[in-house]
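For reference, the structure is listed below as structure tokens.
Protein chains: 2
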Amino acid sequence: MTAVHTDRSSLVKDAIRDSARRLFTAQGFEATGVRDIAADAGVNPAIVIRHFGSKERLFVMSIDAPAKWRALLEGPLETLGERVTRALLRGQHNGLPIWGAMVRASGRPDIHDHLKRSVVALFAEPLVERLAGPDAELRAHLFAAQLVGIMSALVVYDDEFVMHAPVESVVAHYGRSLQLTLTPSG
Amino acid sequence: MTAVHTDRSSLVKDAIRDSARRLFTAQGFEATGVRDIAADAGVNPAIVIRHFGSKERLFVMSIDAPAKWRALLEGPLETLGERVTRALLRGQHNGLPIWGAMVRASGRPDIHDHLKRSVVALFAEPLVERLAGPDAELRAHLFAAQLVGIMSALVVYDDEFVMHAPVESVVAHYGRSLQLTLTPSG
DNA sequence: GTCTATAACGTGATAGAC
DNA sequence: GTCTATCACGTTATAGAC
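Protein sequence lines, in the order shown, are assigned to chains A and B.
So for the first sequence, full-length UniProt numbering puts the first residue at 1; every next one is plus one.
So for the second sequence, full-length UniProt numbering puts the first residue at 1; every next one is plus one.
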């Protein structure tokens, strides 16, 4: 019931959001000006702010993370480490680039808040109830941290060696370590 | 020949660097203005730029990373995962906060470059020659990625659950996974 | 002649008037 | 909704002090 009005203002808002997502993803938060977004969407710079309040909030609202990430942690726990690593390395997850942009812009308060919530909500919490054994909640959060590590290598600090390594080699090593974090100790 | 001149300009430069490091660490890159740094150092805003070229380059030059991080990866490989995790969690590493500031400001080109080089040089390369078995270089880089993961939880996205968890619990789980990455597979 | 201070410029986000 | 003003900030031009 929320999505597709044919209001003019909703169409404009969607156009701005689409332009913003595209430009932020391609160029990052700093390099993308409100004027660039407005021009791309074919509107006046002022209405961008009028609709979204600020460039920061527009950035946050232009990310449609949940839809893209939910599938990542589905499927059997026993092979989750490998599957997640493979999915990330293959780069089909088109959410990865803008996630990198979010981290690199997390000096901004609103973006930092959103990053914080996103990582916990998307990568840790879905696992909490599924994990068995002691420290289940902690291990879910540490799994999330470990995911953030490989994601950072790919789209935050751009480790060429990891980016160009054979996918299955990375899967074998990093996937194995991720899997261990899911496994109760002892 | 390099270090301690008693030149006035060198003293000024050191004062600026010290103020910059302190403020950047406490408030982050965005929230710290050139004027703030200048005021703290007791100099004019213009000479900050004159001495360092730009705010970005000042940030990079105010980090004295190598001195602080070198010790982290020393000692026997067999227990490195645990020891590194414990050292990070105890927060004695006063390099951690400004590392977080660097990641959160890595949307800026110069800072991104420095981050990229730092992670590889400080966390991956020191291990390459020490690791045995296949994919030694890749595993060193993946170990670095994994370190970045826990560091990010602590000072980038601020996962309260990880930050407040018992140190030895985190050491047991994350340290164990780190250690596995160091261990040849098969 | 080098180092420092004052003042101004350019840019970019944002708020208010019409 | 559009246009224009304001404000903050990094940076530079200009010129003075030692």
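Virtual Cβ for every residue (Gly too), placed ideally from N, Cα, C.
I want to see whether chain A comes within less than 7 angstroms of residue 116 of chain B, judged by CB atoms only; does it?
Closer than 7 angstroms: yes.
Could you tell me if residue 9 of chain A is buried or exposed, where buried requires 16 or more neighbouring beta carbons within 10 angstroms of its beta carbon?
When all chains shown are included, residue 9 of chain A counts as exposed.
Chain-ordered chain B contacts of residue 30 of chain A [CB-CB under 8 angstroms]:
Ordered by position in chain B, the residues that pass the 8 angstroms Cβ test against residue 30 of chain A are 107 and 108.
Quick one: which residues of the region 49 to 68 of chain A get their C-beta closer than 9 angstroms to a C-beta of chain B? List them in chain order.
From the region 49 to 68 of chain A, no residue has a Cβ closer than 9 angstroms to chain B.
Please go through the same chain and pick out, in chain order, the residues whose beta-carbon is closer than 6 angstroms to the beta-carbon of residue 55 of chain B, but skip the five residues on each side of it.
Only 34 meet the Cβ criterion.
Pull out every residue of the region 163 to 186 of chain A whose Cβ sits closer than 8 angstroms to any Cβ of chain B, in chain order.
Within the region 163 to 186 of chain A, those residues whose Cβ lies closer than 8 angstroms to any Cβ of chain B are, in chain order, 165, 169, 170, 172, 173, 174, 176, 177, 178, 180, 181 and 185.
Quick one, which of A:164, A:147, A:155 and A:169 has its alpha-carbon nearest residue 178 of chain A's?
Out of A:164, A:147, A:155 and A:169, A:147 has the C-alpha closest to the C-alpha of residue 178 of chain A.
Interface residues of the region 127 to 147 of chain B facing chain A [CB-CB below 8 angstroms]
Residues of the region 127 to 147 of chain B whose Cβ lies closer than 8 angstroms to any Cβ of chain A, in chain order: 135, 137, 138, 139, 141, 142, 144, 145, 146 and 147.
Run through chain A and tell me which residues come within less than 7 angstroms of residue 150 of chain B, C-beta to C-beta.
Within 7 angstroms Cβ-Cβ: 145.
For residue 36 of chain A, return the contacting residues in chain B, with the cut-off set at a CB-CB distance below 7 angstroms.
Going along chain B, no residue has its Cβ under 7 angstroms from residue 36 of chain A, so there is no contact; the nearest lies around 15 angstroms.
Taking contact to mean 3 or more Cβ pairs, one atom from each stretch, closer than 8 angstroms, check whether the region 81 to 100 of chain A and the region 136 to 145 of chain B are in contact.
Three or more Cβ pairs closer than 8 angstroms define a contact, and the region 81 to 100 of chain A falls short of that threshold against the region 136 to 145 of chain B.
Here's the rule: buried if 16 or more other CB atoms are within 10 angstroms of the residue's CB, otherwise exposed. What is residue 80 of chain B?
That one is buried.
Hey, could you find the ends of the alpha helix (DSSP H) residue 141 of chain A is sitting in?
Unbroken alpha helix (DSSP H) run through residue 141 of chain A: 136 to 155.
Across the region 28 to 45 of chain B and the region 96 to 104 of chain B, are there enough close Cβ pairs to call them in contact, namely three or more that are closer than 8 angstroms?
Yes: the two stretches touch, three or more of their Cβ pairs being nearer than 8 angstroms.
In whole angstroms, what separates the C-alpha of residue 123 of chain A from that of residue 144 of chain A?
Roughly 5 angstroms between the two C-alpha positions.
Continuous alpha helix (DSSP H) stretch holding residue 77 of chain A: start and end
It is not in any alpha helix (DSSP H) - residue 77 of chain A carries neither H nor E in the DSSP assignment.
Could you tell me which whole beta strand (DSSP E) segments of length 3 or greater appear in the UniProt DNA-binding region "H-T-H motif" (33 to 52) of chain A?
Taken in chain order, no unbroken stretch of beta strand (DSSP E) lies wholly in the UniProt DNA-binding region "H-T-H motif" (33 to 52) of chain A with a span of 3 residues or more.
Contacts of residue 120 of chain B in chain A (Cβ-Cβ under 7 angstroms):
159, listed in chain order.
Within 10 angstroms of its Cβ, does residue 167 of chain B collect 16 or more other Cβ (buried), or is it exposed?
Exposed is the call here.
Does residue 104 of chain B come within less than 7 angstroms of chain A when only Cβ atoms are used?
Yes, residue 104 of chain B lies at the interface with chain A (some Cβ there is under 7 angstroms from its Cβ).
So for residue 100 of chain A, helix, strand or coil by DSSP?
Reduced to three states, the DSSP call for residue 100 of chain A is helix.
Chain B contact for residue 26 of chain A (CB, 7 angstroms cutoff)
Taking Cβ atoms only, chain B never reaches closer than 7 angstroms to residue 26 of chain A, which makes this a no.
Close Cβ partners of residue 14 of chain B (< 7 angstroms) along its chain, the five nearest in sequence each way excluded:
Close CB contacts of residue 14 of chain B within its chain, under the 7 angstroms cut and outside five residues either way in sequence, are absent.
Spatial neighbours of residue 44 of chain A in its chain, beta-carbon cut-off 8 angstroms, leaving aside the 5 residues before and after
Answer for residue 44 of chain A: 38, listed in chain order.
If we define contact as Cβ-Cβ less than 7 angstroms, is residue 153 of chain B a contact residue for chain A?
Residue-level contact check: residue 153 of chain B touches chain A, since one or more beta carbons of chain A fall below 7 angstroms from its beta carbon.
Could you check where the alpha helix (DSSP H) with residue 108 of chain B kicks off and where it finishes?
For residue 108 of chain B, there is no enclosing alpha helix (DSSP H), since its DSSP letter is neither H nor E.
Residues of chain B with a CB under 8 angstroms from the CB of residue 43 of chain A: which are they?
Neighbours of residue 43 of chain A in chain B, taken as residues whose beta carbon is under 8 angstroms from its own, are absent, since the nearest beta carbon is some 25 angstroms off.
Given this structure, state the Cα-to-Cα distance separating residue 174 of chain A from residue 154 of chain B, to the nearest angstrom.
When only Cα atoms are considered, residue 174 of chain A and residue 154 of chain B end up about 21 angstroms apart.
Cα separation between residue 78 of chain B and residue 85 of chain A?
One alpha carbon belongs to residue 78 of chain B, the other to residue 85 of chain A, and they sit about 25 angstroms apart.
Taking just the CA atoms, how far does residue 53 of chain B sit from residue 121 of chain B?
Spanning the two alpha carbons is a distance of roughly 25 angstroms.
From B:71, B:172, B:127 and B:63, residue whose alpha carbon lies closest to that of residue 24 of chain B
Closest option to residue 24 of chain B, judged by alpha-carbon separation, among B:71, B:172, B:127 and B:63: B:63.
Helix, strand or coil for residue 182 of chain A? Go by DSSP, reduced to three states.
Three-state DSSP puts residue 182 of chain A in a helix.
Please state if the CB of residue 65 of chain B and the CB of residue 106 of chain B are separated by a distance shorter than 7 angstroms.
Contact check for residue 106 of chain B against residue 65 of chain B fails: the beta carbons are separated by 7 angstroms or more.
Just the Cα atoms here: how many angstroms apart are residue 196 of chain B and residue 142 of chain A?
Outside the modelled stretch of chain B, which goes from 1 to 186, sits residue 196 of chain B, for which no answer is possible.
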